[in-house]
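Numbering (the numbering used here), first residue to last: 1 to 204.
Printed below as a string of structure tokens:
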């Protein structure tokens, strides 16, 4: 059986910062659930793309690869564990097709993510896209992710796997929510400008 992490779990932790003891209990429950998923091995995320019609799958993978590198760099920055670091970044495949955007923009500052990390975020991104316009996008994305049949995760560091996975999911979805909100705001501003111009022309 899969240990489902509902994002009422994470939501309760965020909502209750003052009650420290209760917050610690909730965090421990969340870590136990992630531990249970991580212990069972790896997963294959390719099946999820069979039900999506991406106009340009290469662009999709390049963008997710780029974002995965950003997240990997952020996680590495806060880690002193060599096992974690070595399993967050890719030291070899710097000329992969998906890495084109990273290589173009890198100038040595961007990170090529580990394949496992990239696979997780491809799957998480496909879940986010489904619920991007939802009022409960954070919760709905997580719920979608952890309801996937036969979902199994792997991270080789036994000491930090729960924290790394929790941070990975939280950082990525929060970042995508900000990006999505920014895009919507820009589109609204553009539409408002067009309406004002049209109104001015009509009134004149």
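Note that CB positions come from ideal geometry on N, CA and C, so glycine has one too. All values reported here derive from a predicted model rather than from experimental measurement.
>> Please return the same chain residues whose Cβ sits closer than 6 Å to the Cβ of residue 136, not counting the five positions on each side in sequence.
In response: none
> For residue 123 versus residue 145, is the C-beta distance shorter than 8 Å?
Replying inline: yes
>> So within the stretch 107 to 166, which uninterrupted beta strand (DSSP E) runs reach at least 3 residues, ignoring any that extend past its ends?
In response: none
> What is the DSSP secondary structure of residue 89, counted as helix, strand or coil?
Replying inline: strand
>> Using 8 Å for Cβ pairs, my map puts residue 71 next to residue 172. What's the rounded Cβ distance?
In response: 6 Å
> Going by alpha carbons, who is nearest to residue 65 out of 125, 178, 179?
Replying inline: 125
>> For residue 167 and residue 83, what's the separation of their Cα atoms in angstroms?
In response: 16 Å
>> So, with DSSP's three-state summary, where would you put residue 195?
In response: helix
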